[in-house]
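Engineer: Can you read through this structure? Questions will come right after.
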Amino acid sequence: MAKCKCSKNPRIVSNAVRGIANCANGCVDVCTNPMCGEPNRLSLMAPLIYDEIGINLCTTFELPVDIATTYPTVTCAKAKVLNATYVYGTGGVTVESLTGRPNCYGVTLSNITVDFALDLYDAAGRLIDTINPTAVYLPSDTTAATYDAETNPSAVALEIFAPYGYAVEEGATGNTPSINFVGMTTTNNTPAQGLNLYAIAKLLDFDVDESEATVGLTIILQSMYYAGYKVNSAGRIETPKGSIISPDDTDCIRFVAGNLLDLEIKPLDLGFPNNEQNLKNECNVNNCGQMTCDTGTPITAPTD
28 MAKCKCSKNP
38 RIVSNAVRGI
48 ANCANGCVDV
58 CTNPMCGEPN
68 RLSLMAPLIY
78 DEIGINLCTT
88 FELPVDIATT
98 YPTVTCAKAK
108 VLNATYVYGT
118 GGVTVESLTG
128 RPNCYGVTLS
138 NITVDFALDL
148 YDAAGRLIDT
158 INPTAVYLPS
168 DTTAATYDAE
178 TNPSAVALEI
188 FAPYGYAVEE
198 GATGNTPSIN
208 FVGMTTTNNT
218 PAQGLNLYAI
228 AKLLDFDVDE
238 SEATVGLTII
248 LQSMYYAGYK
258 VNSAGRIETP
268 KGSIISPDDT
278 DCIRFVAGNL
288 LDLEIKPLDL
298 GFPNNEQNLK
308 NECNVNNCGQ
318 MTCDTGTPIT
328 APTD
């Protein structure tokens, strides 16, 4: 940044603006005359993924409604993750720096409560309703209904490269780590600097009679930080334009999309010297006087 001491209060101007505004170079002042056009390179504040690691889990859980009774026509379903909640500390989620390896952290995940949106469809593929079941993945209690030593254990320990550390809980005492969950609600659908967690669901089995669902879950831990980068531009995105007009090419569509009507036929000048009344004797009907019947055949004047 360049520093100007021309005024009482120092004004700091970016080097980019100062260079362009240098009239000795034949440039322009972008503060008064911004330049138009497309740049060759773009300066972006980009979210950079430094590291990530994922695991697959699976469990079966009961649904909050009796599917067969409440939705007798439902035959299939589709699941997606809306949110996941967890607490920090023993029996929950912990983040610890690794001794002698300050750029890496050990993250233990346990007791992750996942909120799903389960779309219910009939045999014709019509969406009947959406229900919101919850299930605990990685339950610390080995007697929990969703626990399975092989597919849904009590905890997993992950190691991740996070050279700039993690975010901390605002207002919390001490250096309490925070792992941001990226989901599909208006309060959690954005990534954050530090550590992020997100999940992708796949419905493996849907038992209508027992009102149970078996859902496989991919959980991904990610370290992410924002940084400014220059990237080559391939041009602006050309947004496809939608049309409210039917694609059917009919006479009515062409008429509605066309120009407004006007009186096209020229009135005759009956006075001397043009004597345009003689035009009445012409044999052919010109385009602007042409008529069309219901068969689409132009009507022409009879010949003598």
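Under the working numbering, the residue at position 43 of the sequence shown is numbered 70, and the numbers go up by one with no gaps. For each residue, glycine too, the CB sits at the ideal point set by N, CA and C.
How long is the line joining the alpha carbons of Thr266 and Thr173, rounded to whole angstroms?
Structural biologist: Thr266 and Thr173: Cα-Cα distance of roughly 46 Å.
Engineer: In this structure, how does DSSP classify Ile280 when only helix, strand and coil are distinguished?
Structural biologist: Here Ile280 sits in helix by DSSP.
Engineer: For Leu165 and Leu147, I'd like the C-alpha separation in whole angstroms.
Structural biologist: About 26 Å.
Engineer: State yes or no: is the C-beta of Thr245 within less than 9 Å of the C-beta of Ile80?
Structural biologist: Going by C-beta atoms, Thr245 is not nearer than 9 Å to Ile80.
Engineer: Taking 8 Å as the limit between beta carbons, can you name the residues of its chain near Asn179, skipping five residues before and five after?
Structural biologist: For Asn179, where only same-chain residues beyond five positions count, the Cβ hits under 8 Å are Leu84, Cys85, Thr86, Tyr164, Leu165, Pro166 and Thr173.
Engineer: Since Ile206 and Ser250 are thought to touch, with beta carbons under 8 Å apart, how far apart are those beta carbons, to the nearest angstrom?
Structural biologist: 10 Å between Cβ atoms; not a contact.
Engineer: Classify Ile76 as buried or exposed, calling it buried when 16 or more other Cβ atoms lie within 10 Å of its own Cβ.
Structural biologist: Ile76 comes out exposed.
Engineer: Any idea what DSSP makes of Thr135, helix, strand or coil?
Structural biologist: Here Thr135 sits in strand by DSSP.
Engineer: Give me the DSSP bridge partner(s) of Met251.
Structural biologist: The partner list for Met251 (beta bridge, DSSP) reads Ile76 and Gly221.
Engineer: Take Gly262 as the anchor and find which of Val57, Cys58 and Pro66 has the nearest alpha-carbon.
Structural biologist: Minimum Cα distance to Gly262 is reached at Pro66.
Engineer: Enumerate in chain order the residues of its own chain whose CB-to-CB distance from Asn202 is below 7 Å, with the five nearest sequence positions on each side excluded.
Structural biologist: Cβ neighbours of Asn202 beyond the five flanking positions: Val195.
Engineer: Consider the C-beta atom of Ile280 and the heavy atoms of the ligand SAH; say whether any pair is separated by less than 8 Å.
Structural biologist: What this structure holds is no ligand at all, so the ligand SAH is not there to describe.
Engineer: Give the DSSP bridge partners of Ile206, in chain order.
Structural biologist: In DSSP, Ile206 forms a bridge with Leu222.
Engineer: Between Ile94, Thr112, Asp78 and Pro99, which lies nearest to Asn215 when the distance is taken from Cα to Cα?
Structural biologist: Ranking Ile94, Thr112, Asp78 and Pro99 by Cα distance to Asn215 puts Thr112 first.
Engineer: Return the chain-ordered list of same chain residues with a C-beta closer than 7 Å to the C-beta of Thr169, the five sequence neighbours on each side being excluded.
Structural biologist: Ser181.
Engineer: In the DSSP assignment, find the unbroken beta strand (DSSP E) run with Thr157 in it and report its ends.
Structural biologist: Start and end: Leu154 to Ile158.
Engineer: If you measure between the beta carbons of Leu125 and Val258, is that distance less than 9 Å?
Structural biologist: Not in contact: Leu125 and Val258 (Cβ atoms no closer than 9 Å).
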